[in-house]
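Take the sequence shown: its position 100, counting from 1, is numbered 104 in the working numbering, and each next residue is one higher.
Here is the structure we will look at, set down as structure tokens.
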Amino acid sequence: MTHRRAPSKIYPKVSTMPRQRTEADDYLDMYKLTVEKKRIQQEIDSINQRRQRLLARLADIEQQTEGLGNCAEGLRHQASATATPKPSPPRTSHSIPTSTVYLPDRANPSAPQDYSTVVLDY
5 MTHRRAPSKI YPKVSTMPRQ RTEADDYLDM YKLTVEKKRI QQEIDSINQR RQRLLARLAD
65 IEQQTEGLGN CAEGLRHQAS ATATPKPSPP RTSHSIPTST VYLPDRANPS APQDYSTVVL
125 DY
């Protein structure tokens, strides 16, 4: 004869039950939201500062580009006023290489016999 236990009531696990809302929970949530708000405001401030630095740098680049363009244009006008046009060399339909490649001289075109062999075992 075996003894059977009477079925007992199954209690829910504590982790599955929702917590009761308390005043402390509300204050904790308010604190978390306040901290997040401050962090976001600081991030926005740093983004605005970076934006101002980038805009200032962009204005400097524009100013330098304009100055260099004016300088280049002045040099072009000065060079065109003093220079005489040079005749361009005649162009042919075939391109001819203008560089020369020098290969090393070999006394014997076959493979040299003075190679040393090294074997490494790992």
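Backbone N, C-alpha and C fix where the C-beta goes; we use that ideal spot for every residue, glycine too.
Owing to the predicted nature of the structure, the values given are computational and were not obtained by experimental measurement.
Check whether the Cβ atoms of residue i and residue j lie closer than 9 Å to each other.
{"i": "D30", "j": "R23", "result": "no"}
Residues in its own chain within less than 8 Å of residue i by CB, not counting five upstream and five downstream?
{"i": "I44", "result": "none"}
Considering only residues of the same chain and omitting the five flanking positions on each side of residue i, which have a CB-CB separation below 6 Å?
{"i": "N52", "result": "none"}
{"i": "E77", "result": "none"}
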